[in-house]
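The structure under discussion appears below in the form of structure tokens.
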Amino acid sequence: MIDRQQFRRDFDSMYLGLQRRGGEVVAEDSPFMRARNLDVSQRELKAKVEALQAERNRVSKLIGQKKGQGEDASAELARMGEVSARVKELEAETRDAEAAFEQALLEIPNPLHDSVPDGADENANVELRRWGTPRQDAVPPHWDIGAALGILDFEAGAKLAGSRFTVLKGAAARLERGLLQFMLDMHADRHGYEEVWTPSIVNRKTMTGTGQLPKFADDLYKLEGEDAFLIPTAEVTVTNLYQDAILDAEQLPIRHCAYTACFRREAGSAGRDERGMIRQHQFDKVELVWIAHPDKALEHLEALTGHAEAILQALELPYRVMALCAGDIGFSSQKTYDLEVWLPSQHTYREISSCSSFGQFQGRRAGIRFREEPKGKPEPAATLNGSGLAIGRCLIAILENGWQPDGSVVVPEKLRPYVGGLERITV
RNA sequence: GGAGAGAUGGCUGAGUGGUCGAAAGCGGCACCCUGCUAAGGUGUUAUACGGAAUUAACCGUAUCGAGGGUUCGAAUCCCUCUCUCUCCGCCA
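Under this note's numbering, the first sequence has 290 at position 284, and the numbering climbs by one with no breaks.
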């Protein structure tokens with residue numbers, strides 16, 4: 007959520023920060039522009055109702071005193087009957103006005119950080135660096151490799167659940183498990199994250215705290231008959247661990263790593279990556295989450311990205327780091343780096359991790375606050391998160407990058423202890 | 001799923017219609033006292049929103065699980081929901 011004070015005092019600069027995301031964000035009928043009017047009417051109503059409430063409180067207290075002393079209070083009682091009725095009306099109006107304002111605020115995206123490059127879509131993303139040497143020979147797509155080895159079963163996934171589900175068998179299943187173990191160990195033991203394990207189902211408040219709701223309900227699986235949802239990423243649960251908390255500055259930064267299954271409806275991506283297991287409705291991911299001091303957020307983003315990169319390097323997978331441009335950055339993020347791994351079959355880099363700083367945007371929504379001084383006023387904490395990494399896509403990358411002309415797949419050395427010493431996957 | 005009990009400030013816990021944002025204790029903070037430590041004394045101690053002020057730190061409103069209702073007035077009464085605990089059933 008945007009900063010209300012800044013929204014009022016500094017509307018123009020916020021306008022500019024949002025406009026970079028695209029004209030529709032600040033269009034006449036956008037939540038941003040609507041919020042400006044709603045804020046005024048909301049505050050006017052509030053001033054009115056509060057004055058009346060003050061009156062009511064004052065006289066009610068007087069009535070109590072008079073009655074206590076056996077005096078007559080019928081004049082006050084008669085007058086308060088009217089005031090009270092008026093208060094009730096106004097309270098209802100104010101409630102609606104506040105709710106409308108809140109609702110609009112919740113649909114305004116995070117103003118971008120100045121360092122985010124301009125651009126309308128992913129084509130304008132800026133490559134920052136590359137690591138490793140991409141193989142240039144012809145490599146079959148992972149679905150052919152997996153099918154030939156008998157370890158990826160797309161028919162079984164479709165039979166059990168539908169499209170965009172895959173059943174992993176033998177070495178692939180083992181690799182999936184080994185990978186998430188490997189990643190968690192690295193982040194917990196080497197990078198100093200505290201591991202957590204969380205629910206996969208959350209309530210509406212939690213989903214709103216990190217920004218998935220109210221705007222992106224279509225992307226979520228909702229449980230029938232309950233106001234509950236399947237998480238699309240561990241970001242939701244791990245960040246919201248600190249929902250409505252007031253932390254001490256010394257506690258920051260808090261850093262967690264977590265494995266969870268992730269569930270996404272992929273409502274807007276029909277036809278994209280239909281084959282194979284690049285885009286699944288259910289996938290495993292290890293996530294890194296920071297709760298941090300706002301002044302340090304951008305600095306931390308570099309460290310966080312480095313931790314995700316360390317996994318790819320350990321697995322010897324060539325990748326590049328992209329700075330997402332203004333038009334391609336997610337709703338809640340102020341700045342995002344994507345890690346893209348080399349997929350030789352497609353002869354291109356594909357996203358395998360997304361690392362973002364959210365500034366105080368989520369902290370404000372979710373009530374994640376901290377005190378600079380022991381007695382100071384609480385202020386919203388910054389949050390960051392990044393995939394470290396998406397397991398399924400990592401598995402794909404290993405299959406393709408480790409593929410040998412004889413059909414076998416060489417397992418990255420550092421991963422072998424996690425898959426029972428397996429060095430090479432063969433038929 | 002059935003039966004019962006409960007949800008109050010950082011914590012424990014009092015409060016069944018009026019002066020209650022809320023006793024008391026603990027903890028925290030500040031100061032005092034003590035040669036040091038321990039003990040002791042005094043004061044202070046929530047959050048959000050709106051307004052005023054910036055050498056100031058003030059005023060108003062709301063908040064006692066959430067939402068609604070009764071009432072001039074609700075932590076206190078009524079309704080709905082959520083969560084927690086105990087017992088029974090079921091279950092990995």
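Think of the CB as a built atom: it goes at the ideal place given N, C-alpha and C, for glycine as much as any other residue.
Check this for me: beta carbons of residue i and residue j, under 8 Å apart or not?
i	j	result
methionine 262	glutamate 272	Per the sequence presented here, residue 262 reads as histidine, with methionine not at that position. In this structure, glutamate 272 does not lie closer than 8 Å to histidine 262 by Cβ.
valine 292	methionine 189	yes
glycine 156	valine 425	no
arginine 375	proline 384	yes
leucine 166	glycine 23	no
threonine 172	methionine 283	yes
leucine 44	glutamate 99	no
leucine 310	valine 347	no
proline 140	proline 411	no
threonine 245	threonine 216	yes
glutamate 113	proline 220	yes
arginine 430	valine 415	yes
arginine 42	phenylalanine 17	yes
tyrosine 343	alanine 329	yes
aspartate 233	arginine 210	yes
alanine 267	serine 206	yes
leucine 186	isoleucine 397	yes
serine 47	alanine 103	yes
alanine 264	threonine 212	no
From the DSSP secondary-structure annotation, give me the bridge partner or partners of residue i.
i	result
methionine 328	Glu133 and Asp344
glutamate 293	Ala264 and Ser393
valine 208	Phe235
isoleucine 431	Val415
tyrosine 355	Trp348
cysteine 361	Tyr343 and Gly392
isoleucine 284	Beta-bridge pairing links isoleucine 284 to no other residue.
leucine 253	Phe376
When the Cα atoms are used, what is the spatial distance from residue i to residue j?
i	j	result
tyrosine 21	phenylalanine 38	8 Å
alanine 303	glutamine 59	42 Å
tryptophan 409	glutamine 11	56 Å
leucine 428	proline 418	10 Å
arginine 270	leucine 229	13 Å
tyrosine 199	glutamate 315	15 Å
isoleucine 435	methionine 7	Only positions 7 to 433 of the chain appear in the structure, and residue 435 is not among them; the question remains open.
proline 423	glutamate 406	20 Å
glycine 413	leucine 401	16 Å
alanine 84	leucine 68	13 Å
tyrosine 325	arginine 101	51 Å
alanine 126	lysine 341	15 Å
alanine 223	aspartate 143	42 Å
glutamate 77	glutamate 379	51 Å
proline 123	leucine 390	19 Å
lysine 420	lysine 175	22 Å
arginine 285	aspartate 301	35 Å
glycine 312	glutamate 128	22 Å
glutamate 56	aspartate 9	23 Å
glutamate 308	aspartate 334	19 Å
glutamine 366	serine 339	10 Å
arginine 136	isoleucine 404	18 Å
glutamate 97	arginine 62	13 Å
serine 36	leucine 158	45 Å
alanine 53	serine 66	20 Å
glycine 138	histidine 306	24 Å
glutamate 434	phenylalanine 107	Beyond the ends of the chain as shown, which are 7 and 433, falls residue 434; an answer cannot be given.
serine 275	methionine 86	59 Å
Write down the C-beta distance between residue i and residue j rounded to the nearest angstrom, noting that I regard them as a contact closer than 8 Å.
i	j	result
asparagine 131	cysteine 331	5 Å
proline 115	arginine 27	6 Å
serine 393	serine 359	4 Å
valine 202	phenylalanine 235	No, valine 202 and phenylalanine 235 are not in contact; Cβ-Cβ is about 19 Å, not under 8 Å.
aspartate 290	glutamate 182	6 Å
glycine 373	glutamine 218	In fact, because the Cβ distance is near 16 Å, the residues do not count as touching under 8 Å.
leucine 395	isoleucine 317	5 Å
alanine 179	glycine 152	Not really, about 11 Å apart at Cβ, beyond 8 Å.
Taking 8 Å as the cut-off, does the region 280-297 touch the region 251-262 (at least 3 CB pairs, one atom from each stretch)? Touching, per the Cβ criterion.
For this session: Count the C-beta pairs between the region 146-160 and the region 61-76 that are closer than 8 Å, then say yes if the count reaches three, no if not.
Result: In this structure the region 146-160 does not touch the region 61-76; the number of beta carbon pairs closer than 8 Å is below three.
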